[in-house]
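Visitor: Numbering (this note's numbering), first residue to last: 705 to 1108. Built from N, CA and C at the ideal position, the CB exists for glycine as well. Owing to the predicted nature of the structure, the values given are computational and were not obtained by experimental measurement. Sending over a structure as structure tokens; questions will come in a sec.
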Ligand SMILES: Cc1ncc(COP(=O)(O)O)c(C=O)c1O
């Protein structure tokens, strides 16, 4: 059959490649210091513990672990998630926990239920690129809510009243690293409730705090108006492809049906492995290790930025998560800096990838968890040189430089 025989659905015109994945093609250079990708540190994967539980699960319960299972997920895993969230301040029964194939699937399923052509979905500015990608095929329009360093401004929410939901990243946001303070969470939830604006709370980074745990989830303020998404990707390993969605009853039932149609259920073997792994009680010590490793990366980057870029950019030091967000002088277009940066041996993600509306061209995201401390320092020094050169060129020939 000739490829022209295919007639694609209208929604495919909204599918876009992830800028980050496109950039990765440029980033294959050996020796390149990768401050671009958002990959968790592979050194922190619990590989040995997983090897042990794999053997045990396959020896003791191969018939269950390799069989089809219920769409909702393994009861023991749902119970574990519910208990963990109760400890974090969100009272939730296990019957409201749906195990998903990563929180990315949660985004897709929620979008499938809530979005359609002509509808609006409100997002932070900037926001997670993967959410914009997940929402796009449902043909709704993503509209930005005004934000400051503490997150979305509650008094601006009325501007997006009528949207099907507000997508929120309260903990160590991707890309900015910001954490919404407790008081702001309350104000956002109160205002959203008043406006009848449901919330989608995406929280893959909540356990990656360095000095103190973040405030309870926003969902705790308005559980009946919030779908909460969590993930095992950043606390264990993304290759497991396990996450979860917590939703009030009417939404929950539809989510289960949408998931059933999408993939029947998440991988049974992965769920059995994670249940067994969590039963060993390893998580707290493991998280301590991951936090220590990431804190070192954060400190190395904070120090390197201070040394090399204090006169070139501004940033907030994140209290957890994986990212720094840099604001360069407004005349600089960060995307134009990427080819010379790669020449100099360092990668980053230009900020424009993360905006639904008017992008901040002079912003960029740096990850501090993929590379060891000494390479972070080397990468930041190289990036500083590239920015400095661009500034000098700009002084000689004003006007925003264009992508080659
Ligand atoms: C904010 C955010 N949400 C969701 C995801 C998807 O994570 P998962 O691996 O659970 O699908 C990511 C991945 O980086 C993320 O940064």
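Do the region 793-806 and the region 992-1004 touch if we need at least three Cβ pairs shorter than 8 Å?
Guide: Short answer: they don't touch.
Visitor: Assess contact between the region 926-939 and the region 879-888, defined as three or more Cβ pairs (one per stretch) separated by less than 8 Å. Is contact present?
Guide: With a cut-off of 8 Å, the region 879-888 and the region 926-939 do not count as touching, because too few Cβ pairs lie within range.
Visitor: Where residue 1035 and residue 1066 are concerned, what is the direct C-alpha to C-alpha distance, given to the nearest angstrom?
Guide: For the purposes of this step, residue 1035 is taken as residue 331 along the chain shown, with counting starting at 1. For the purposes of this step, residue 1066 is taken as residue 362 along the chain shown, with counting starting at 1. If I take the Cα positions, the gap works out to 7 Å.
Visitor: Whole angstroms is fine: what's the gap from residue 1112's alpha carbon to residue 818's?
Guide: Because the chain here runs from 705 to 1108, residue 1112 falls outside it and cannot be looked at.
Visitor: Could you spell out the range, first to last residue, of the alpha helix (DSSP H) harbouring residue 812?
Guide: The residue labelled residue 812 in the question sits at position 108 within the chain shown. Where residue 812 is concerned, the enclosing alpha helix (DSSP H) stretches over 806-818.
Visitor: Determine the direct distance from the alpha carbon of residue 721 to that of residue 833, and round the result to whole angstroms.
Guide: Start at 1 with the first residue of the chain shown, and residue 833 comes out as number 129. Start at 1 with the first residue of the chain shown, and residue 721 comes out as number 17. Going by the C-alpha atoms only, they are around 10 Å apart.
Visitor: With DSSP as the reference, identify every bridge partner of residue 1110, one or two as the case may be.
Guide: Because the chain spans 705 through 1108 in this model, residue 1110 falls outside it and cannot be assessed.
Visitor: What whole-angstrom Cβ distance do residue 813 and residue 963 have, given they're in contact under 8 Å?
Guide: Residue numbering aside, residue 813 sits at position 109 when the chain shown is read from its first letter. Residue numbering aside, residue 963 sits at position 259 when the chain shown is read from its first letter. The pair is a contact, with the Cβ atoms about 6 Å apart (cut-off 8 Å).
Visitor: Count the C-beta pairs between the region 762-773 and the region 1076-1083 that are closer than 8 Å, then say yes if the count reaches three, no if not.
Guide: Taking 8 Å as the limit for Cβ pairs, the verdict is that the region 1076-1083 does not touch the region 762-773.
Visitor: Can the beta-carbon of residue 735 be found less than 8 Å from the beta-carbon of residue 1001?
Guide: The count along the chain shown starts at 1 and reaches residue 735 at position 31. The count along the chain shown starts at 1 and reaches residue 1001 at position 297. The answer is no: Cβ separation not under 8 Å.
Visitor: For residue 933, I'd like the list of residues in its chain whose CB is within less than 6 Å of its CB, leaving aside the five on either flank, ordered along the chain.
Guide: The residue given as residue 933 occupies position 229 in the chain shown. Excluding sequence neighbours, residue 933 sits near 807, 810, 906 and 949.
Visitor: Report the three-state DSSP secondary structure of residue 947 (helix, strand or coil).
Guide: Position 243 of the chain shown, counted from the start, is the residue given in the question as residue 947. If DSSP states are grouped into helix, strand and coil, residue 947 belongs with the strands.
Visitor: Pick out whichever of 788, 763, 754 and 786 has its Cα sitting closest to the Cα of residue 943.
Guide: Sequence index remark: in the chain shown, residue 943 carries index 239 (1-based). The residue with the shortest Cα to Cα distance from residue 943 is 754.
Visitor: Using three-state DSSP, classify residue 1069 as helix, strand or coil.
Guide: For this step, residue 1069 is matched to residue 365 along the chain shown. Here residue 1069 sits in strand by DSSP.
Visitor: How many Å lie between residue 828 and residue 837 at the Cα?
Guide: Locating residue 828 in the chain shown gives position 124, counting from the first residue. Locating residue 837 in the chain shown gives position 133, counting from the first residue. Roughly 14 Å separates the two Cα atoms.
Visitor: One question on the structure: do residue 776 and residue 955 come within less than 8 Å of each other, judged by their Cβ atoms?
Guide: Here residue 776 refers to the residue found at position 72 of the chain shown. Here residue 955 refers to the residue found at position 251 of the chain shown. Cβ atoms of residue 776 and residue 955: not closer than 8 Å.
Visitor: At what residues does the beta strand (DSSP E) containing residue 960 begin and finish?
Guide: Residue numbering aside, residue 960 sits at position 256 when the chain shown is read from its first letter. Here residue 960 belongs to no beta strand (DSSP E); instead the alpha helix (DSSP H) covers 953-967.
Visitor: Would the beta-carbon of residue 1032 fall within 8 Å of that of residue 1017?
Guide: Mapped onto the chain shown, residue 1032 falls at position 328. Mapped onto the chain shown, residue 1017 falls at position 313. In this structure, residue 1017 lies closer than 8 Å to residue 1032 by Cβ.
Visitor: Helix, strand or coil for residue 1093 per DSSP?
Guide: The residue given as residue 1093 occupies position 389 in the chain shown. Helix.
Visitor: What is the DSSP secondary structure of residue 872, counted as helix, strand or coil?
Guide: To locate residue 872, count along the chain shown from 1; it is residue 168. Residue state, collapsed to three classes: strand.
Visitor: In terms of residues, what are the limits of the beta strand (DSSP E) holding residue 708?
Guide: One-based indexing of the chain shown puts residue 708 at position 4. No beta strand (DSSP E) holds residue 708; DSSP gives it neither H nor E.
Visitor: Between residue 664 and residue 756, how many whole angstroms is the CB-CB distance? I'm expecting something under 8 Å.
Guide: Here the chain covers residues 705 to 1108 and nothing more, so residue 664 does not appear.
Visitor: I'd like to check one pair, residue 761 with residue 976: are the Cβ atoms closer than 8 Å?
Guide: On the chain shown, position 272 is the one that residue 976 refers to. On the chain shown, position 57 is the one that residue 761 refers to. Cβ distance < 8 Å, so residue 976 and residue 761 count as in contact.
Visitor: Can you tell me whether residue 1108 is buried or exposed? The criterion is at least 16 other CB atoms within 10 Å of its CB, across all chains shown.
Guide: The count along the chain shown starts at 1 and reaches residue 1108 at position 404. Note on residue 1108: pLDDT 35, under 50, position unreliable in the model; the coordinate value appears next. It is exposed - the Cβ of residue 1108 has fewer than 16 other Cβ atoms within 10 Å.
Visitor: What does the Cβ neighbour count give for residue 708, buried or exposed, with the cut at 16 atoms within 10 Å?
Guide: Residue numbering aside, residue 708 sits at position 4 when the chain shown is read from its first letter. Exposed, by the Cβ-count rule.
Visitor: I think residue 1026 touches residue 1073, with their Cβ atoms under 8 Å apart; what is that distance to the nearest whole Å?
Guide: For this step, residue 1026 is matched to residue 322 along the chain shown. For this step, residue 1073 is matched to residue 369 along the chain shown. Going by Cβ atoms, the distance from residue 1026 to residue 1073 rounds to 5 Å, so yes, they are a contact pair.
Visitor: Below 8 Å CB to CB, which residues in the same chain sit around residue 1045 once its five sequence neighbours on both sides are set aside?
Guide: Sequence index remark: in the chain shown, residue 1045 carries index 341 (1-based). Around residue 1045: 1051, 1052, 1086, 1087 and 1090.
Visitor: Using 8 Å as the threshold, is the C-beta distance between residue 912 and residue 936 below it?
Guide: On the chain shown, residue 912 is found 208 positions in, with the first residue counted as 1. On the chain shown, residue 936 is found 232 positions in, with the first residue counted as 1. No; because the gap between Cβ atoms is not below 8 Å, this pair is not in contact.
Visitor: Give a yes or no on contact between the region 980-991 and the region 890-909, applying the rule of three or more CB pairs nearer than 8 Å.
Guide: The region 980-991, when compared against the region 890-909, does not touch it at the 8 Å Cβ threshold.
Visitor: Near ligand 1, which residues have their beta-carbon closer than 6 Å to a heavy atom?
Guide: Residues flagged by the Cβ proximity filter: 742, 806, 807, 808, 832, 834, 873, 878, 906, 908, 935, 937, 942 and 947.
Visitor: Over what stretch of residues does the alpha helix (DSSP H) that includes residue 758 continue unbroken?
Guide: Translated into the one-based positions of the chain shown, residue 758 becomes position 54. Counting along the chain, the alpha helix (DSSP H) containing residue 758 begins and ends at 751-764.
Visitor: What residue range is occupied by the uninterrupted alpha helix (DSSP H) comprising residue 838?
Guide: As a working mapping, residue 838 is identified with position 134 in the chain shown. Segment 833-839, the alpha helix (DSSP H) holding residue 838.
Visitor: On the three-state DSSP scale, how would you describe residue 855?
Guide: The residue given as residue 855 occupies position 151 in the chain shown. Of the three classes helix, strand and coil, the one that applies to residue 855 here is strand, per DSSP.
Visitor: Taking the alpha-carbon positions, what's the residue 715 to residue 840 distance?
Guide: Translated into positions along the chain shown, residue 715 becomes position 11. Translated into positions along the chain shown, residue 840 becomes position 136. Cα to Cα, the separation comes out at about 8 Å.
Visitor: Throw me the rounded Cβ distance for the residue 1039 and residue 848 pair, which I believe falls under 8 Å.
Guide: For this step, residue 1039 is matched to residue 335 along the chain shown. For this step, residue 848 is matched to residue 144 along the chain shown. Not quite, the Cβ-Cβ distance comes to about 19 Å (not below 8 Å), so this is no contact.
Visitor: Helix, strand or coil for residue 1105? Go by DSSP, reduced to three states.
Guide: Residue mapping note: residue 1105 aligns to position 401 of the chain shown, counting from 1. Residue placement at residue 1105 cannot be trusted, given a pLDDT of 48 that sits under 50; what the coordinates show is reported in the next sentence. Coil at residue 1105, not helix or strand.
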